[in-house]
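There are 2 protein chains.
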Amino acid sequence: MTKQTGKTGSNLRIDGQALWVDLMETARFGGTPKGGIKRLTLTDEDRQVRDWFVKTCESLGCTVSYDSMGNLFARRPGQDDSLPPVTMGSHLDTQPTGGKYDGILGVLGGLSVLRALHRSGYTTRHPIELINWTNEEGARFTPPMMCSGVFAGIFTEQDVLDKRDRAGIRFGDELERIGYRGSEPCGRHPVTAYFELHIEQGPILEAEEKTIGIVEGVQGMRWYEVTVRGKDAHAGSTPMPMRHDALVASAKMIEALSQIAFAHAPTAVGTVGLIENRPNSNNVVPGETFFTVDIRDPNDTVVLDMETGFKKIFADIAETCGVTLDIVQIWDAPAVHFDPACIGMVAEAASEAGYSARHMVSGPGHDAAYLASVAPTAMIFVPCKDGLSHNEEESILEADAEAGASVLLRAVLKADAGFSKDS
Amino acid sequence: MTKQTGKTGSNLRIDGQALWVDLMETARFGGTPKGGIKRLTLTDEDRQVRDWFVKTCESLGCTVSYDSMGNLFARRPGQDDSLPPVTMGSHLDTQPTGGKYDGILGVLGGLSVLRALHRSGYTTRHPIELINWTNEEGARFTPPMMCSGVFAGIFTEQDVLDKRDRAGIRFGDELERIGYRGSEPCGRHPVTAYFELHIEQGPILEAEEKTIGIVEGVQGMRWYEVTVRGKDAHAGSTPMPMRHDALVASAKMIEALSQIAFAHAPTAVGTVGLIENRPNSNNVVPGETFFTVDIRDPNDTVVLDMETGFKKIFADIAETCGVTLDIVQIWDAPAVHFDPACIGMVAEAASEAGYSARHMVSGPGHDAAYLASVAPTAMIFVPCKDGLSHNEEESILEADAEAGASVLLRAVLKADAGFSKDS
Chain W
1 MTKQTGKTGS NLRIDGQALW VDLMETARFG GTPKGGIKRL TLTDEDRQVR
51 DWFVKTCESL GCTVSYDSMG NLFARRPGQD DSLPPVTMGS HLDTQPTGGK
101 YDGILGVLGG LSVLRALHRS GYTTRHPIEL INWTNEEGAR FTPPMMCSGV
151 FAGIFTEQDV LDKRDRAGIR FGDELERIGY RGSEPCGRHP VTAYFELHIE
201 QGPILEAEEK TIGIVEGVQG MRWYEVTVRG KDAHAGSTPM PMRHDALVAS
251 AKMIEALSQI AFAHAPTAVG TVGLIENRPN SNNVVPGETF FTVDIRDPND
301 TVVLDMETGF KKIFADIAET CGVTLDIVQI WDAPAVHFDP ACIGMVAEAA
351 SEAGYSARHM VSGPGHDAAY LASVAPTAMI FVPCKDGLSH NEEESILEAD
401 AEAGASVLLR AVLKADAGFS KDS
Chain Y
1 MTKQTGKTGS NLRIDGQALW VDLMETARFG GTPKGGIKRL TLTDEDRQVR
51 DWFVKTCESL GCTVSYDSMG NLFARRPGQD DSLPPVTMGS HLDTQPTGGK
101 YDGILGVLGG LSVLRALHRS GYTTRHPIEL INWTNEEGAR FTPPMMCSGV
151 FAGIFTEQDV LDKRDRAGIR FGDELERIGY RGSEPCGRHP VTAYFELHIE
201 QGPILEAEEK TIGIVEGVQG MRWYEVTVRG KDAHAGSTPM PMRHDALVAS
251 AKMIEALSQI AFAHAPTAVG TVGLIENRPN SNNVVPGETF FTVDIRDPND
301 TVVLDMETGF KKIFADIAET CGVTLDIVQI WDAPAVHFDP ACIGMVAEAA
351 SEAGYSARHM VSGPGHDAAY LASVAPTAMI FVPCKDGLSH NEEESILEAD
401 AEAGASVLLR AVLKADAGFS KDS
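Those protein sequence lines, which keep their order, are chains W and Y. Its first residue numbered 1, the first sequence is counted upward by one per residue in UniProt numbering. Its first residue numbered 1, the second sequence is counted upward by one per residue in UniProt numbering.
Below you can see the structure in the form of structure tokens.
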């Protein structure tokens, strides 16, 4: 790395070893025997990691506050504290059988940025804030990205406070119980820029041997529930031409959806992830099949085109097979396009630091997708082994964690300088 | 019907109304609110219907005995009681949500034959026996056709006595408890001929508007369990060409199996009745799929040919889709061919009685399939509504019940005459 000086502060360095120690140390809170983490939102384990976060950020000269949704803000003062902060963030909660990096890398990577600033004594123009968003995973309380959603005005505070988990326990009560319900109303908090470091949760960077993903946005996504109804019949005594086999019809549809996604190469994906078959007995011709459809592309027009395509083909298959078809759209998340200036800062940061990089679009949703509607936003991806995520075997390289945090540091400093000029 | 006299006794007539009353009356034992029957083997309901059976047969001049497996034999003396009996039978047990006719029609149809003989005072040359086989359904204790299987030497008595239901209750203990464990060893019982009247459990007779199915045998059948293993992956972040989607591969296989069965028209059938998908989450590319394969044809060579065909195509699909394939055969029931003389007697009986009829092969297994290995055997089918069976909505016409019993009566008398000459 070339040593630089000047107001961009690019002589600052991430302590990769300290970042890795933080990752391993916090993995104790909810750590599983298989090396993953079970740290569901607003549990005792969530409180433990929050306590650790507050204490550690304070030791780096930050003040920590939390808003009415329990979103944590570790603030490091700037030269002009009247300016809205340049922010970084992600989430410390996990899936029930989650890994050590999904979300956590973004928070602890941000912490390593604060550490670099603290150690050097460098003072940014804007205040810098590191944010831990409450309940990104949506595993205990649905939907996911709940409290960045409130922050961005997507959900109301009261709706979220009244959400209940499967045991009937209320979100608001648990937030009070663990001591992280703050007085500042969620969302009354202007932001100069937001950067989120995250593992890719996909196989592309690893396959292409790239270190940094310059994330330009989040794919548009639609979800559907499909019910195919035929007629139960005895597998031994019902001649083939007299069948109304819901599963054979569904099989043709599943194959067709895959072909439609391939036909919209290179970025489109189409998935049937869940299927239920009734009565599901080995000697009964299936009378009813239920399955989900998930289609995504960075371009909403392509998503719409895939929808039109699969609906037409599914209807044709249903007619040919003598079954009925019911398709219900259950989710529509339009594509998110991150801020060109922020994307450019991430790209420059990766290039200046000498990391191999590629532009890409996120498949999964992230808190950044909601933040993009209220502040200039971009994301930074690093590779994860086999693209595996939401899994206790989730794994990344220590060098890639450091690389991601280094790009985050540089991007934050560029935003501090770049957006200062404009504001 | 032409009135006839003479030793074939074809002037005897089935009392269709009495048969229907018997069907409705016994349907009380285990009757369900939806009009079906839940009468699992060796339960109190099974005892109740057995008690009714014993009492009713005795009122028609029969003596009733039961063997060591609880198979019931209602015997009407013939002119020469040293001859092995001409027999009829089926089963009074049902599925957990069974109908009023599957099995029951064969027993009560046989009872209506005994009633016709009793009322006319006609004496056959052979003794006539009506048999209620224990546990045809296999719903409480597996496998099905358990005690006709012991009778035919397929299973050992001790193995069956030691079978346990899901609650851990032993077959032998339950048989003792309901009072139907007899002293006669099961199977030491020569038989001149065996006829079984049954509902078709398929749609062919109804579709072709035929009253009688002349059943020539039971299809050959093989069952397999197929496991397809790919790789779990995020549905949003895994490009189509990088997927190893177990469900897409399975979908192609399910469609291929259907095509193979169609290609072996007109009698072959191939069914995937059960499928389980893992992890079965709508935003995860499926990593593992498990499904069953059921292939049948009256000709074992065709069954083998289908097996060879689907194994080859499944392997090709697995290779194309980048998944592994594991196929395990779990059941092999070779085709059963009934006795040509008995089949001919059923055909003549239907023709002489003026019923429309067609030759056919049974898809499901029946007690007759095991009896065929120890005695000349044939079956008689009557239509059931929509081919529906193993269902509380199982339904037949009163006229078809009478028709089936009338053909059974004529066939029994033909066997009494025909086999007498030979023996």
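Cβ coordinates follow ideal geometry from the N, Cα and C atoms, glycine included.
Could you check the C-alpha separation between Trp20/Y and Ala401/Y for me, to the nearest Å?
Cα to Cα, the separation comes out at about 8 Å.
Cut-off 6 Å between Cβ atoms - residues of its own chain near Gly16/Y, not counting five sequence neighbours on either side:
Leaving aside the five residues that flank Gly16/Y on each side, the residues in its chain whose CB is nearer than 6 Å to its CB run, in chain order, Glu402.
Spatially closest choice to Ile380/Y from Gln158/Y, Thr142/Y and Met88/Y, by CA coordinates
Nearest C-alpha to Ile380/Y: Met88/Y.
Using the three-state DSSP reduction, which class does Leu247/Y fall into: helix, strand or coil?
Assigned with DSSP and collapsed to three states, Leu247/Y falls in helix.
From Asp300/W to Lys231/W, what does the alpha carbon distance come to, in whole angstroms?
Distance between the alpha carbons of Asp300/W and Lys231/W: 37 Å.
Taking DSSP as the reference, what is the three-state secondary structure of Thr301/W?
Thr301/W: helix per DSSP, three-state reduction.
Simplified DSSP state of Leu111/Y, which is helix, strand or coil
Looking at Leu111/Y - three-state DSSP - the assignment turns out to be helix.
Apart from the five residues on each side of it in sequence, which residues of its chain come closer than 6 Å, Cβ to Cβ, to Tyr355/Y?
Closer than 6 Å at Cβ, skipping near neighbours: Thr211, Ile212 and Ala403.
Just by C-beta distance, which residues in the stretch 123 to 150 of chain W are closer than 8 Å to chain Y?
Here the close residues number zero.
When DSSP labels each residue in this structure, what does Trp133/W get in the three-state scheme?
Correct three-state label for Trp133/W: coil.
Tell me the rounded alpha-carbon separation between Glu174/W and Pro364/W.
Glu174/W and Pro364/W have their C-alpha atoms roughly 27 Å apart.
Looking at the structure shown, is Ile37/Y part of a helix, part of a strand, or coil, going by DSSP?
The answer is strand: DSSP assigns Ile37/Y an E or B state.
When the distance is taken between beta carbons, is Ala249/W closer than 9 Å to Val323/W?
A contact, by the Cβ cut-off of 9 Å.
Own chain, CB closer than 6 Å to Ala74/Y, minus 5 neighbours either side, in chain order
Cys57, Cys62, Val64 and Leu130.
Which class does Asp422/W belong to by DSSP, given the choice of helix, strand or coil?
Low per-residue confidence applies at Asp422/W: pLDDT is 46, beneath 50, and the placement is therefore not dependable, though the value from the model is reported in the following sentence. Under the three-state reduction of DSSP output, Asp422/W falls in the helix class.
On the premise that Val226/W lies in contact with Val293/W, defined as a C-beta separation below 8 Å, what is that separation, rounded to the nearest angstrom?
Indeed they touch by this definition, with Cβ atoms about 6 Å apart.
So, with DSSP's three-state summary, where would you put Arg75/W?
Three-state result, Arg75/W: strand.
Chain Y contact residues for Glu200/W, given Cβ-Cβ distances below 7 Å
One finds Ser237 in chain Y with Cβ atoms closer than 7 Å to the Cβ of Glu200/W, taken in chain order.
Closest Cβ-Cβ distance between Lys329/W and chain Y: below 9 Å?
The sequence given here has Gln at residue 329/W, not Lys. So, not an interface residue.
Gln201/W and His234/Y: beta carbons closer than 9 Å?
In this structure, His234/Y lies closer than 9 Å to Gln201/W by Cβ.
Interface positions of the stretch 18 to 52 of chain Y facing chain W (Cβ-Cβ less than 8 Å), listed along the chain
Taking 8 Å as the cut-off between beta carbons, none of the residues of the stretch 18 to 52 of chain Y comes near chain W.
Hey, would you say Leu257/Y sits closer than 9 Å to Phe171/Y, going by beta carbons?
The answer is no: Cβ separation not under 9 Å.
Beta strand (DSSP E) segments (min. 3 residues) lying fully within the stretch 298 to 337 of chain W:
Within the stretch 298 to 337 of chain W, the runs of beta strand (DSSP E) that reach at least 3 residues and sit entirely inside it are, in chain order, 324 to 333.
DSSP state of Arg125/W mapped onto helix, strand, coil
Arg125/W sits in coil when the DSSP states are folded into three classes, being neither helix nor strand.
How long is the line joining the alpha carbons of Thr142/Y and Ser148/Y, rounded to whole angstroms?
Rounded to whole angstroms, Thr142/Y to Ser148/Y spans 13 Å at the Cα level.
Under 9 Å between the Cβ atoms of Met345/Y and Arg278/Y?
It is not a contact, given that the beta carbons lie outside the stated cut-off.
Contacting positions in the stretch 375 to 390 of chain Y - beta carbon closer than 9 Å to chain W
For the stretch 375 to 390 of chain Y, the set of residues with a beta-carbon nearer than 9 Å to any beta-carbon of chain W comprises Asp386, Gly387, Leu388, Ser389 and His390, in chain order.
Does the beta carbon of Leu274/Y sit closer than 9 Å to a beta carbon anywhere in chain W?
Contact with chain W is found for Leu274/Y, since one of that chain's Cβ atoms lies less than 9 Å from the residue's Cβ.
Short CB-CB distance (under 9 Å) between Thr227/Y and chain W:
Not one chain W Cβ lies under 9 Å of Thr227/Y.
What does Asp294/W pair with, by DSSP beta-bridge criteria?
Looking at the DSSP output, Asp294/W bridges to Trp223/W and Thr271/W.
Does the beta-carbon of Asn11/W have 16 or more other beta-carbons within 10 angstroms, so that it is buried, or is it exposed?
Burial check for Asn11/W: the Cβ neighbour count within 10 Å stays below 16, so the residue is exposed.
My assumption, with CB atoms under 8 Å, is that Ala251/Y sits in contact with Ala261/Y. Please give the rounded CB distance.
Not confirmed; about 16 Å, so no contact.
Does the beta carbon of His234/Y sit closer than 9 Å to a beta carbon anywhere in chain W?
For His234/Y, the answer is yes, since a Cβ of chain W falls inside 9 Å of its Cβ.
Contiguous alpha helix (DSSP H) assignments of at least 4 residues, all confined to the stretch 333 to 377 of chain W:
Uninterrupted alpha helix (DSSP H) stretches at least 4 residues long and entirely within the stretch 333 to 377 of chain W occur at 340 to 352 and 367 to 371, given in chain order.
Contacting residues, own chain, Cβ-Cβ under 8 Å from Trp331/W (five flanking each side not counted)
Counting only Cβ-Cβ distances below 8 Å, and skipping sequence neighbours, we find Met221, Arg222 and Trp223.
Put Ile214/W into one of helix, strand or coil per three-state DSSP.
Ile214/W: strand per DSSP, three-state reduction.
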